[in-house]
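Report on one structure; see the data block that follows.
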Amino acid sequence: MAMDSAAELLKNYEVYETIGSGGFAKVKLGRHILTGEKVAIKIMDKKDLGDDLPRVKLEIEAMKSLSHQHVCRLYHVIETNTQIFMVLEYCPGGELFDYIIAKDRLSEEETRVFFRQIVSAMAYVHSQGYAHRDLKPENLLIDEDHNLKLIDFGLCAKPKGGLSYELMTCCGSPAYAAPELIQGKAYIGSEADVWSMGVLLFALLCGYLPFDDDNCMALYRKITKGVFDNPRWLSPGSILLLNQMMQVNPRHRVTVRQLLDHPWMMTGYGSPVEWHSKRPLGYIDEDCITEMAVSLQHSRNTTRQMVSQWRYDHTTAIYLLLLSKKQRGKPVRIRHLPVSDVTSCSPHHLVVQSQKTLLFTDDDDDDDDDDAEDFCYDDDLPWLTPQQKRLTCLSAEKGRDQTNHAPTPERRPVTPHSRQERRDRGREQSNKNKENVAVASKDSDIFALPAPRSPLPSRKTTTTNKNVLTTPTHNIMNHSGRRADTPKAGGGTLQDPSSRKREREERKAEGVVEILTFSPERRSRSLDMAGAAGADSGPKRRGGKVFGSLERGLDKVITLLTPGRRRGGRDGPRRIKAQYNVTLTSQTSPDQVLNQLLSILPEKNVDFLQKGYTLKCRTQGDFGKVTMAFELEVCLLHRPEVVCVRRQRLKGDSWVYKKLVEDILSTFSI
Ligand code: ADP
1 MAMDSAAELL KNYEVYETIG SGGFAKVKLG RHILTGEKVA IKIMDKKDLG
51 DDLPRVKLEI EAMKSLSHQH VCRLYHVIET NTQIFMVLEY CPGGELFDYI
101 IAKDRLSEEE TRVFFRQIVS AMAYVHSQGY AHRDLKPENL LIDEDHNLKL
151 IDFGLCAKPK GGLSYELMTC CGSPAYAAPE LIQGKAYIGS EADVWSMGVL
201 LFALLCGYLP FDDDNCMALY RKITKGVFDN PRWLSPGSIL LLNQMMQVNP
251 RHRVTVRQLL DHPWMMTGYG SPVEWHSKRP LGYIDEDCIT EMAVSLQHSR
301 NTTRQMVSQW RYDHTTAIYL LLLSKKQRGK PVRIRHLPVS DVTSCSPHHL
351 VVQSQKTLLF TDDDDDDDDD DAEDFCYDDD LPWLTPQQKR LTCLSAEKGR
401 DQTNHAPTPE RRPVTPHSRQ ERRDRGREQS NKNKENVAVA SKDSDIFALP
451 APRSPLPSRK TTTTNKNVLT TPTHNIMNHS GRRADTPKAG GGTLQDPSSR
501 KREREERKAE GVVEILTFSP ERRSRSLDMA GAAGADSGPK RRGGKVFGSL
551 ERGLDKVITL LTPGRRRGGR DGPRRIKAQY NVTLTSQTSP DQVLNQLLSI
601 LPEKNVDFLQ KGYTLKCRTQ GDFGKVTMAF ELEVCLLHRP EVVCVRRQRL
651 KGDSWVYKKL VEDILSTFSI
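In UniProt numbering, the protein residues as written are 1 to 670.
Next up, the structure:
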């Protein structure tokens, strides 16, 4: 039943900063107080949802009935009169999309590791009677063990007559949409998903889309023809598989079942994809029950009964989070709060005290001491009193202070915890995972990734290895010359409900304006800022891609920073560890890099708000609609000690973002 306030959320979770947003929701990092586990909290405003409320209900129902190693797990649903909160498994590795663009494209071996997981997830989802209908690399997140988790079931469908029942609603992102979908024909959900998986496979192997055009109609024509170019680096096996998946006639398309033991999928594994759930629904783990019974002072029977109701309330959350701890080799323990923090041992009677008392405990050497409130966007937490807002902000700030390479989106790492023991444990566990059968590592695949978890063994850091910067180059096709503020067909959505979703996204994005007005002295059109910043010489633009190429060129120009300058001081740039959403520069001065950014952003028609070394950027389309929001932050990298630019997309089409940020960062190209 809907409650009046979000007290239920706040008494059980610490709420930290925004880590992503989509058409329907804003997603924040959180921590479950009793277990200390990080979670993602998806926040939706009922008013904004309007007619889409049933979709969210469908998403919740779908996620309740899905429990699989490659599907993001739902822990808890809280509904108030005005908002819906979905507490989800937290995936600190960011979107697969960002991972692909950071590496230009993936090798066939690495693609296979990921793609087997995607097929595993989809075979399971289909076996439960669902079609996902919005498969794309933005909806696949990387967890702390470098495994994929499928998210965003907001457009999924569960036809009453079973999965072979024909659907009519056209949804998803056009670039990934099957021909029968964009033609408005009745279609089978699972067949349409296979087409999208084909587009996804192509994006993994190539780093760009098989069908792409600025013009929507031209894009549709390309999709309906189903003709795409095969770049020279694709193996005959990959070409064959892509062709089998992207067959215009759905009846001729390979099925998910056939994919499970397809020769391409089996290469290097020798075994079919394991798609059965390793975490079957309804399973009750006795260790978790014991811990809950002892800590919450109920009998084991009562506890078991409470858990087996699967109400997706706090009891479900505690149980599933304990289970997750157990599965990751952590102690199955509920944290004991100071007496003053607990009014009762029942999960339903905890007082709201948490923010002050329970903090992130991961190791971290970041002593970032930015003003918390400046970074605390609580526009979506209207129910907080000013006092609570401050607590939440402080809590968020603490979280940042103590988690350099872990939980914040700004630091989206592949490995969220730096402790060696966790790394080792991660490797150990991954080795047990059939889907993570070792794949020969290639130095050339790796740029600036923290030490490995799985499934790619023998990753190297950038410290000494020059080969890490030598991913083979290729031309990014189809992405040149598109203006960032030009809506791109490939990134838009088709018809209802996704067009509504897009509108919603735009409206939500306009929230940035509210944030901007919050601090008028900092608000500026980019032109003003550029002038004020005294930007140095104009950017020397070079075409081509940047995310990979800048990094590759780095070995020629690495210049060490002045020894001993670990940070830029209170107002200096943050020091961060290597991660894949970071572009290295050849500069030694963070201020010079910042000034260059301040100078180039107006040229690219990007508005921004500056906060120290962070630039909160956005672009506007026609009629002032916000088309994209992202952050650029000048940081200092640990090793090698260089100035770098961390990037994070918050809103807008991923491929347009890619092009724009490549364009901006090409300034630093050498
Ligand atoms: P919407 O349904 O509104 O499209 P999504 O579920 O796609 O929202 O979430 C929006 C973004 O938030 C994602 O693209 C991702 O970057 C981030 N996000 C969502 N779920 C998680 C999660 N479980 N862990 C980490 N980040 C997440």
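A virtual CB, placed ideally from N, CA and C, is assigned to each residue, including glycine.
Three-pair Cβ contact test at 8 angstroms for the stretch 623–636 versus the stretch 570–586: The stretch 623–636 vs the stretch 570–586: in contact.
Distance between His298 and Arg647 (C-alpha atoms, nearest Å): Within the sequence shown, residue 647 is the residue found at index 647, counting from 1. Within the sequence shown, residue 298 is the residue found at index 298, counting from 1. The alpha-carbon atoms of Arg647 and His298 are separated by roughly 48 angstroms.
Spatial neighbours of Asn139 in its chain, beta-carbon cut-off 7 angstroms, leaving aside the 5 residues before and after: The residue labelled residue 139 in the question sits at position 139 within the sequence shown. The answer, listed in chain order, is Leu150, Ile151 and Asp152.
Beta-carbon spacing of Thr583, Val643 below 8 angstroms: Taking the sequence shown and counting its residues from 1, the one referred to as residue 583 is at position 583. Taking the sequence shown and counting its residues from 1, the one referred to as residue 643 is at position 643. No, they are not a contact pair.
Pro263 classed as buried or exposed, judged by whether at least 16 other C-beta atoms fall within 10 angstroms: Here residue 263 is taken as the residue at index 263 of the sequence shown, counted from 1. Pro263 should be labelled exposed.
Cβ-heavy atom distance, Leu141 to the ligand ADP, below 7 angstroms: Taking the sequence shown and counting its residues from 1, the one referred to as residue 141 is at position 141. At least one heavy atom of the ligand ADP is nearer than 7 angstroms to the Cβ of Leu141, so yes.
DSSP three-state assignment for Ile43, whether helix, strand or coil: Position 43 of the sequence shown, counting from 1, holds the residue named residue 43. It is a strand residue.
Local Cβ density within 10 Å of Glu631, reported as buried at 16 or more and exposed below that: For the purposes of this step, residue 631 is identified with residue 631 of the sequence shown, where counting begins at 1. With 16 or more Cβ atoms within 10 Å of its Cβ, Glu631 is classed as buried.
Reduced DSSP secondary structure (H/G/I, E/B, other) of Thr111: Looking up residue 111 in the sequence shown gives position 111. If DSSP states are grouped into helix, strand and coil, Thr111 belongs with the helices.
Beta-carbon proximity of Gly94 to Asn581, cut-off 8 angstroms: Working through the sequence shown from its first residue, we reach residue 94 at position 94. Working through the sequence shown from its first residue, we reach residue 581 at position 581. For Gly94 and Asn581, yes; Cβs fall inside 8 angstroms.
heavy atom of the ligand ADP below 7 angstroms from Glu95 C-beta: As a working mapping, residue 95 is identified with position 95 in the sequence shown. Answer for Glu95: yes, Cβ within range of the ligand ADP.
Element boundaries [beta strand (DSSP E), containing Thr583]: For the purposes of this step, residue 583 is taken as residue 583 along the sequence shown, with counting starting at 1. Start and end: Val582 to Leu584.
Heavy atom of the ligand ADP within 7 angstroms of Ala40 beta-carbon: Counting from 1 along the sequence shown, the entry for residue 40 is found at position 40. Yes, the beta carbon of Ala40 sits closer than 7 angstroms to at least one heavy atom of the ligand ADP.
Pairwise C-alpha distance: Ser654 and Leu321: As a position in the sequence shown, residue 321 is number 321, starting the count at 1. As a position in the sequence shown, residue 654 is number 654, starting the count at 1. In this structure, the CA atom of Leu321 is about 31 angstroms from the CA atom of Ser654.
Cβ contact (3+ pairs, closer than 8 angstroms) linking the stretch 49–62 and the stretch 104–121: no
Cβ of Leu163 within 8 angstroms of any chain B Cβ: This model lacks chain B altogether, as it is built from one protein chain only.
DSSP beta-bridge partners of Ile33: As a position in the sequence shown, residue 33 is number 33, starting the count at 1. Paired residues: none, contrary to the question.
Buried versus exposed, by CB contacts within 10 Å (16 or more), Phe623: Locating residue 623 in the sequence shown gives position 623, counting from the first residue. Per the 10 Å Cβ criterion, exposed.
Rounded straight-line distance, which links the Cα of Pro640 to that of Asp45: Along the sequence shown, read from residue 1 onward, the residue named residue 45 stands at position 45. Along the sequence shown, read from residue 1 onward, the residue named residue 640 stands at position 640. Their Cα atoms are separated by approximately 44 angstroms.
Neighbourhood of Ala123 by C-beta distance below 8 angstroms, restricted to the same chain and skipping five residues each side: Within the sequence shown, the letter at position 123 stands for residue 123. Excluding positions up to five away in sequence, the list reads Val256, Arg257, Leu259, Leu260, Val273 and Trp275.
Within 8 angstroms, strictly: CB atoms of Phe85 and Leu9: Start at 1 with the first residue of the sequence shown, and residue 85 comes out as number 85. Start at 1 with the first residue of the sequence shown, and residue 9 comes out as number 9. Yes, Cβ-Cβ distance for Phe85 and Leu9 is below 8 angstroms.
Residues near Arg73 by beta carbon distance below 6 angstroms, same chain, minus five either side: The residue given as residue 73 occupies position 73 in the sequence shown. If we look at Arg73 and ignore the five residues flanking it on each side, its Cβ neighbours are Glu89.
The stretch 193–204 / the stretch 100–108 touching (three or more Cβ pairs under 8 angstroms): yes
Cβ separation of Lys26 and Glu17, assumed to be a contact under 8 angstroms, to the nearest whole Å: Looking up residue 26 in the sequence shown gives position 26. Looking up residue 17 in the sequence shown gives position 17. 10 angstroms between Cβ atoms; not a contact.
Candidates Trp233, Arg31 and Ile41: closest to Leu106 by CA position: Here residue 106 refers to the residue found at position 106 of the sequence shown. Measuring from the Cα of Leu106, the nearest candidate turns out to be Trp233.
Ser235, buried or exposed, once every other Cβ within 10 Å from all chains shown has been counted against 16: The count along the sequence shown starts at 1 and reaches residue 235 at position 235. Exposed, because fewer than 16 other Cβ atoms sit within 10 Å of the Cβ of Ser235.
Residue nearest to Asp143 in terms of C-alpha spacing, selected from Glu191, Gln244, Gly226 and His70: What you label residue 143 is simply residue 143 of the sequence shown in a count that begins at 1. Ranking Glu191, Gln244, Gly226 and His70 by Cα distance to Asp143 puts His70 first.
Rounded separation between Leu625 and Met292 - CA only: Within the sequence shown, the letter at position 625 stands for residue 625. Within the sequence shown, the letter at position 292 stands for residue 292. The question names Leu, but residue 625 in the sequence shown is Lys. If I take the Cα positions, the gap works out to 49 angstroms.
DSSP state of Ser324 mapped onto helix, strand, coil: Counting from 1 along the sequence shown, the entry for residue 324 is found at position 324. In the structure shown, Ser324 sits in a helix (DSSP, three-state: H, G or I).
DSSP three-state assignment for Arg482, whether helix, strand or coil: To locate residue 482, count along the sequence shown from 1; it is residue 482. Confidence in Arg482 is poor, its pLDDT being 35 and thus under 50, which makes the residue's placement unreliable; the coordinate value appears in the next sentence. Residue state, collapsed to three classes: coil.
Cutoff 7 angstroms; reference Trp195; Cβ partners in own chain excluding five residues on either side: Stepping through the sequence shown from its first residue, residue 195 is reached at position 195. Answer for Trp195: Ala178, Met245, Met246 and Arg253, listed in chain order.
Check: Ala25 C-beta below 7 angstroms from any heavy atom of the ligand ADP: Here residue 25 corresponds to residue number 25 of the sequence shown, with the count starting at 1. Within the cutoff, so yes.
Gly282 to Lys42 span [Cα, whole Å]: Along the sequence shown, read from residue 1 onward, the residue named residue 282 stands at position 282. Along the sequence shown, read from residue 1 onward, the residue named residue 42 stands at position 42. Cα-Cα distance, rounded: 24 angstroms.
Check: Thr657 C-beta below 7 angstroms from any heavy atom of the ligand ADP: Here residue 657 refers to the residue found at position 657 of the sequence shown. The sequence shown places Tyr at residue 657, not Thr. No, since every heavy atom of the ligand ADP falls outside the 7 angstroms radius drawn around the Cβ of Tyr657.
Distance, Leu594 Cα to Leu34 Cα: Counting from 1 along the sequence shown, the entry for residue 34 is found at position 34. Counting from 1 along the sequence shown, the entry for residue 594 is found at position 594. Roughly 41 angstroms between the two C-alpha positions.
Selected residue, minimal CA-CA separation from Asn230, among Asn243, Arg221 and Thr224: The count along the sequence shown starts at 1 and reaches residue 230 at position 230. Answer by Cα proximity: Asn243.
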